[in-house]
Every structure is written in structure tokens, then in C-alpha cells.
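Encoded as C-alpha cells, the structure appears first; notes follow it.
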Amino acid sequence: MSDSLERLHRSVLALQTGDPVQSRTARLIRAGRSKVAKKLAEEAVEVVIDAMRGDREAVVRESADLLYNLVVLWTDMGIAPQDVWAEMERREKLLGLAEKLPKTQPANDTLEEPVRRKVVALGPRSISKRRRSGY
Numbered sequence: 001m002s003d004s005l006e007r008l009h010r011s012v013l014a015l016q017t018g019d020p021v022q023s024r025t026a027r028l029i030r031a032g033r034s035k036v037a038k039k040l041a042e043e044a045v046e047v048v049i050d051a052m053r054g055d056r057e058a059v060v061r062e063s064a065d066l067l068y069n070l071v072v073l074w075t076d077m078g079i080a081p082q083d084v085w086a087e088m089e090r091r092e093k094l095l096g097l098a099e100k101l102p103k104t105q106p107a108n109d110t111l112e113e114p115v116r117r118k119v120v121a122l123g124p125r126s127i128s129k130r131r132r133s134g135y
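Residue 1 is where the sequence shown starts when you use UniProt numbering, and the numbers rise one by one after that.
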């Protein structure tokens, strides 16, 4: 699988400066990181919805779209697949392959302190008076 993602990454790199009229990838990257991140989030939600419906084939299709949009985001941020593989290898040595880094850690743990990220809106939104007032 990593080979497939590396080939996809090379293709996205080649297309990022392409003609946005002919390339969906070039058009997406030119729209900005906010748009790229929003597309990634949309695909993730579609995977979740299809999974909850039990639609295996749709999950497979939407997962491919999710991975494509993830690679577009990596490319936009200057992240190579090898950067992610290195992080996965580091975690595997510490926790095992199928474990996620804990949110909190004991003081004697050798893992770096996790950084809590601020949640930000991906695009402009208006909040209705009803929601602002707490109803």
C-alpha cells in the first residue's frame, strides 16, 4: 500500500502546478489549504456514513477518495509519505503497530508531550441568533 501512496504522491506533485482547467488536483491545490482540508473532511464523513450503513463497496470507493485528498493535503504542506512512514515506525517501536498515541502519558514515558490543537472553522459560517443565545 505504501508503494501506491508514494506513486499517488509523485503524481500529485507533478500535477500541483498543472493547468487547473485540465487538472482537478491543480484546481484543488490552487483553491487553498482550507479547501483541501475541507475536501478531506468531507471524504472522511462519507466513509463514516457508508460504514454506518454497512455499505462495504461504498466504504472502499470513498476510502480511495479519502486517501487521494489526504495525499493532496500532504503535498500542499510539503509532507512526503516517507515522513508519515517514519512517524508510524517511531510509534510502532514505542507502542506496537496497531496502537494510537495516548492523549495523556505518564511522566516517565519516553514519548514527546502531545500538543493539543485548537479547533478551527474550515470556512466562513454565520451562527443563527438561536444558536448564539443558547437555545
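Ideal Cβ placement from N, Cα and C applies to all residues, glycine included.
These numbers come from a predicted model, not from an experiment.
Please look up how many angstroms separate the CB atoms of residue i and residue j, rounded, as I've assumed it's under 8 angstroms.
{"i": "A26", "j": "L40", "result": "Going by Cβ atoms, the distance from A26 to L40 rounds to 17 angstroms, so no, they are not a contact pair."}
{"i": "I29", "j": "D83", "result": "I29 to D83, Cβ: 18 angstroms. No contact."}
{"i": "W85", "j": "H9", "result": "About 11 angstroms separates the two Cβ atoms, so there is no contact after all."}
{"i": "L5", "j": "L66", "result": "Actually they are not in contact, since the Cβ atoms of L5 and L66 sit about 12 angstroms apart, beyond 8 angstroms."}
{"i": "residue 205", "j": "V72", "result": "Residue 205 cannot be examined here, being either before or after the span of the chain that is shown, 1 to 135."}
{"i": "P81", "j": "S23", "result": "That belief does not hold up - the Cβ atoms of P81 and S23 are roughly 20 angstroms apart, past 8 angstroms."}
{"i": "E43", "j": "N69", "result": "5 angstroms"}
Residue range of the alpha helix (DSSP H) that residue i falls in?
{"i": "residue 137", "result": "No statement about residue 137 is possible, as the shown extent of the chain runs from 1 to 135 and does not include it."}
{"i": "V47", "result": "33-53"}
{"i": "T25", "result": "24-30"}
{"i": "V84", "result": "81-95"}
{"i": "V12", "result": "2-15"}
> At a cut of 8 angstroms, does the region 54-62 reach the region 87-95 through at least three beta carbon pairs?
Replying inline: no
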